[in-house]
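Basically my numbering = 1-based index in the sequence shown + 4. Ideal Cβ positions, reconstructed from N, Cα and C, are used throughout, including at glycine. Worksheet for the structure shown next.
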Amino acid sequence: MLTFEYDERLPTLRRLIRLANRAQWSVEDVDWSVPLPDRGKPYERVLSWHGLWRNDYIQTLPPKKTEALARQMVAMEFSQVLHGEQAALMLAGQLTTSVQDLDARIFAATQAKDEARHVEAVRDLVKRLGPIYPIGKVLQENLHDLLTCNLWPKQVLGLQLFLEARALLSFRQHLLFVNDPVFTDVVTRIERDEAHH
């Protein structure tokens, strides 16, 4: 339903909208031509973080295989982030028609654009590392519940406190253990966007 109240009633939202507009970036801004690092082990520390480095089988693998395994683990984990980003895109889009305040609608549309860019960037990042893995059952059930919920406050909470927080945690953790400039660039850009959601 259209609203005909055009007064700016939520100055905090207006400030966030302006901040988001100034911080816009494009997936093309990322230098995807930088190859995966072939020296060192830019992803191997992920295995230690997961406690897998103590596994006897993994310790017997040649370095190239352990690095490939670590990249696949990141691809699997970021595939789940990708599925969550797509759900965040859909939820933000739904919110543009669910909330009544015009500034809240504009903010939801701004977030939808950010989430669309995140879907693109995370998809390209995962494809750089390996295949896109299927969504986990529990995550799929949670996302389905959020997307089919008729209560927009519950959707907002699910979007901000479940999806966004989950993604931010994954980004922060992986930045500590991955030494790949493209990975770092993409994750840092997405984190900046999430800061104003």
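Counted as a single uninterrupted DSSP element, the alpha helix (DSSP H) harbouring Val85 occupies residues Pro67 to Ser102. Across the structure, Ala96 and Pro67 are spaced so that their CA atoms are roughly 43 Å apart. Annotated three-state conformation of Phe8 is coil, per DSSP. Boundaries of the alpha helix (DSSP H) harbouring Asn146: Lys141 to Thr152, taken from the DSSP string.
Remark: fewer than three beta-carbon pairs, one from each stretch, lie closer than 8 Å, so the stretch 101 to 112 and the stretch 55 to 65 are not flagged as touching. The beta carbon of Leu179 lies closer than 7 Å to those of Thr188 and Val191 in the same chain, with the five residues before and after it left out.
Here Thr7 is exposed, its C-beta having fewer than 16 other C-beta atoms within 10 Å.
Membership of Ile21 in the alpha helix (DSSP H) is indicated by the continuous run Pro15 to Arg26. In this structure Val78 is in contact with Val50, their Cβ atoms being roughly 6 Å apart against a cut-off of 8 Å.
Out of Leu86, Ala112, Leu20 and Pro185, the CA that lies nearest to the CA of Pro135 is found in Leu86. Counting the other Cβ atoms within 10 Å of the Cβ of Glu12 gives fewer than 16, which makes it exposed.
If you look at Glu198, you'll find it in the alpha helix (DSSP H) that goes Pro185 to Ala199. DSSP, reduced to helix, strand and coil, places Tyr47 outside both helices and strands of the structure shown, so it counts as coil. Exclusion of the five residues before and after Ser83 leaves Val130, Ile136 and Tyr137 as the residues of its chain whose Cβ lies within less than 6 Å of its Cβ. Only residues of its own chain outside the window of five on either side were considered, and among them Gly88 have a CB closer than 7 Å to the CB of Arg170, listed in chain order.
By the CB criterion at 8 Å, His200 and Ala91 fall outside the cutoff. Within the same chain, Cβ atoms closer than 6 Å to the Cβ of Leu133 are found at Arg75, Val78 and Ala79, the five residues on either side in sequence being excluded.
By the neighbour-count definition (other C-beta atoms within 10 Å, threshold 16), Leu23 is an exposed residue.
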